[in-house]
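Numbered per my numbering, the sequence shown spans residues 58 to 413.
One structure is given below, encoded as C-alpha cells.
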Amino acid sequence: MSLVHSLKKVASAAVVIALTCTGVAQAHDPGLSTARLAVVGESLRITLTFAKRDVDAIQSMPTDSAHARVLRGLEALVRTNVGVEIDGRPTPVEAVAIETDANDNVEIRLDFAHSLATHIKLDMPLIRELPFGHRQFVTLLDGRGGVVVQRMLSAAESTFDGELREGGESVAQTARVETFLAHGVRHILEGYDHLLFLFGILVVLPSFVSALKIISCFSLAHSLTLSAAVLGNLRVPSQVVEPLIAASIVYVGVENLLLRERVAHRGLLTFGFGLVHGLGFATALRDMQIGSGAAIVLPLVSFNLGVELGQIAVAALVLPTILWLRRDLRFARHWAPACSVLITIMGGCWLVERTL
58 MSLVHSLKKV
68 ASAAVVIALT
78 CTGVAQAHDP
88 GLSTARLAVV
98 GESLRITLTF
108 AKRDVDAIQS
118 MPTDSAHARV
128 LRGLEALVRT
138 NVGVEIDGRP
148 TPVEAVAIET
158 DANDNVEIRL
168 DFAHSLATHI
178 KLDMPLIREL
188 PFGHRQFVTL
198 LDGRGGVVVQ
208 RMLSAAESTF
218 DGELREGGES
228 VAQTARVETF
238 LAHGVRHILE
248 GYDHLLFLFG
258 ILVVLPSFVS
268 ALKIISCFSL
278 AHSLTLSAAV
288 LGNLRVPSQV
298 VEPLIAASIV
308 YVGVENLLLR
318 ERVAHRGLLT
328 FGFGLVHGLG
338 FATALRDMQI
348 GSGAAIVLPL
358 VSFNLGVELG
368 QIAVAALVLP
378 TILWLRRDLR
388 FARHWAPACS
398 VLITIMGGCW
408 LVERTL
C-alpha cells in the first residue's frame, strides 16, 4: 500500500473518530447566563437570569409541592456564591427575589444599598457550579439606564469590576465589539449541531466551488433569520427551533445515504435549513439581553461576524481534507456513507432528546 493511500486511510478514520467524539460532546453551547447591574435610586440591583437547565445543574427544581423549599435553597446558594463590593467594602444583600418567566428562565434579583457608589465589584463563584464552559454576560447600567460597560465572565475569570461617577452616571459607554465577536466565534465552534449539519452537507460535495456556494447559502440564510429575530418581531420558541435543527441533521444524513452524489439541489436545501439555524443563533444573542433600538445593531453585526469567522475557520480546516480524500474512490464508497450514518444517528439522538 502506498504512503498516500495510507495517509488517506488515516485521515478518513480521523474524520469518523472526530464525528464520534462530537456526538458524545454536548450539542449546545455550554450555557450562557446574564447579570445586569443597575442603579435604582439609592440601591444597586443585580438581576441574574439563568436557563432552567442551568439551575437544574446546580440544584434540582422539583414539583410545586417542594417549590418553597427549592427557592429557599436557591436563595441560600446565591447568597453564599455571589459576592459584591461597593467602593472597596463587602456589601451584604438586603433583599432577594426569585421568579420564573414565560421562557422558563429563572430570574434572581438581588438588592444592595450603594449610597452613591463609584466602584462596583462583582464576584461570581457560582459560575464554577455550572456546567464546564458556562459563561455569564455582565452589563453595568447607570442611573439613567445607559450601558457603562459589558464583560463576559467564566469559571476561570469570574470577577467583574465597574466604575461609576458620583450619582451613578456612566464614566463612558463602552462598545464591547470584541465581546460579541468572540461570543459569535465561540458559539459556532461549540455549536456541534450547526457544525455537524455543515459537515453533512460538505462531505458529499465534489469540488471547492460547490462547497463555496453551499457555505454562502448557509451564511446568507442564517444571517437573514438572525437579523429578523433580533431586529424585528420574528419569534419562534426554542422548543420548536432546537428539534428542527436536529431534524435538519437527520435529513441531511439520510439524504447522503440515499442520493449519494446527486446533490444539485443542495444550495436550496442548505438555504432552507440555514433559516432554521439562524433562529438558533438568535436565541443565543437574545439571551445576552442586548437592549433594543439602535443599540442592538453593533452587537448583532459583531456576533454575526464572529459566527461567520468561526464557520470559515472550520471550513478552511475540514474542506481541504474532504476534497483530498474524495480523490480516492474508496472514500466515496465507504467512508462518506459511514460518516453519514454517524451524522444520522447523532442527529436522531439530539432530536429525541429535544422533543422529550
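Yeah, the Cβ is synthetic: ideal placement off N, Cα and C, and Gly gets one too.
Bear in mind the structure is a predicted one, so any value in this text is a computation, not a measurement.
Pairwise C-alpha distance: residue j and residue i
| i | j | result |
| --- | --- | --- |
| phenylalanine 388 | glycine 324 | 23 angstroms |
| glycine 257 | glutamate 410 | 20 angstroms |
| leucine 253 | proline 149 | 46 angstroms |
| leucine 210 | threonine 91 | 10 angstroms |
| leucine 386 | leucine 380 | 12 angstroms |
| proline 394 | alanine 373 | 22 angstroms |
| alanine 339 | threonine 216 | 27 angstroms |
| glycine 335 | aspartate 144 | 42 angstroms |
| phenylalanine 169 | glycine 130 | 20 angstroms |
| leucine 183 | arginine 146 | 20 angstroms |
| valine 398 | leucine 187 | 33 angstroms |
| leucine 413 | threonine 157 | 21 angstroms |
| alanine 232 | valine 206 | Any reading at alanine 232 needs caution, since the residue's pLDDT is 44, under 50, leaving its predicted position unreliable; the model's value is listed next. In a straight line, the C-alpha of alanine 232 is about 7 angstroms away from that of valine 206. |
| alanine 154 | isoleucine 165 | 6 angstroms |
| isoleucine 177 | leucine 291 | 36 angstroms |
| leucine 283 | phenylalanine 328 | 13 angstroms |
| glutamate 220 | glutamate 142 | 12 angstroms |
| leucine 101 | serine 273 | 46 angstroms |
| arginine 185 | histidine 322 | 46 angstroms |
| alanine 174 | leucine 94 | 12 angstroms |
| valine 112 | leucine 269 | 41 angstroms |
| threonine 104 | leucine 315 | 51 angstroms |
| leucine 301 | aspartate 218 | 40 angstroms |
| serine 359 | methionine 181 | 26 angstroms |
| lysine 109 | leucine 89 | 11 angstroms |
| phenylalanine 189 | arginine 390 | 39 angstroms |
| threonine 378 | valine 307 | 23 angstroms |
| leucine 134 | leucine 167 | 13 angstroms |
| leucine 197 | arginine 343 | 17 angstroms |
| cysteine 396 | asparagine 313 | 9 angstroms |
| leucine 355 | glutamine 193 | 19 angstroms |
| valine 195 | threonine 106 | 11 angstroms |
| valine 255 | valine 139 | The question names valine, but residue 255 in the sequence shown is leucine. If I take the Cα positions, the gap works out to 40 angstroms. |
| glutamate 132 | glutamate 151 | 12 angstroms |
| alanine 285 | histidine 279 | 10 angstroms |
Nearest-angstrom beta carbon gap, residue j and residue i [assumed within contact, 8 angstroms]
| i | j | result |
| --- | --- | --- |
| tryptophan 407 | aspartate 250 | 6 angstroms |
| arginine 383 | proline 263 | 7 angstroms |
| valine 375 | leucine 259 | 7 angstroms |
| phenylalanine 275 | serine 305 | Not a contact, Cβ separation roughly 11 angstroms. |
| glutamine 368 | isoleucine 245 | 5 angstroms |
| alanine 303 | glycine 203 | Not confirmed; about 40 angstroms, so no contact. |
| valine 297 | glycine 200 | Wrong, their Cβ atoms sit about 39 angstroms apart, outside the cutoff. |
| phenylalanine 237 | glycine 98 | That pair is no contact at about 31 angstroms. |
| isoleucine 402 | valine 309 | Not quite, the Cβ-Cβ distance comes to about 13 angstroms (not below 8 angstroms), so this is no contact. |
| glycine 241 | glutamate 299 | So it is not a contact: roughly 19 angstroms between Cβ atoms. |
| leucine 332 | leucine 281 | 7 angstroms |
| arginine 317 | valine 261 | 7 angstroms |
DSSP three-state assignment for residue i, whether helix, strand or coil
| i | result |
| --- | --- |
| threonine 175 | coil |
| methionine 181 | coil |
| valine 309 | helix |
| leucine 187 | coil |
| aspartate 218 | strand |
| alanine 389 | helix |
| leucine 413 | coil |
| alanine 212 | coil |
| arginine 383 | coil |
| serine 243 | The question names serine, but residue 243 is arginine in the sequence shown. Here arginine 243 sits in helix by DSSP. |
| glycine 367 | helix |
| arginine 201 | coil |
| glycine 404 | helix |
| glycine 248 | coil |
| serine 397 | helix |
| threonine 120 | Reliability fails at threonine 120, whose pLDDT of 45 lies under 50, so the model's placement of it is uncertain and the value that follows must be treated cautiously. Residue state, collapsed to three classes: coil. |
Cross-strand partners of residue i (DSSP beta bridge)
| i | result |
| --- | --- |
| serine 100 | Val97, Ala170 |
| threonine 196 | Arg93, Gln207 |
| leucine 105 | Ala92, Ile165 |
List in chain order: all unbroken beta strand (DSSP E) runs of 3+ residues lying wholly within the segment 136–164.
140–143, 152–157, all fully within the segment 136–164.
Which complete alpha helix (DSSP H) runs does the segment 255–341 hold, if anything under 4 residues is left out?
Complete alpha helix (DSSP H) runs here, min 4: 265–288, 295–316.
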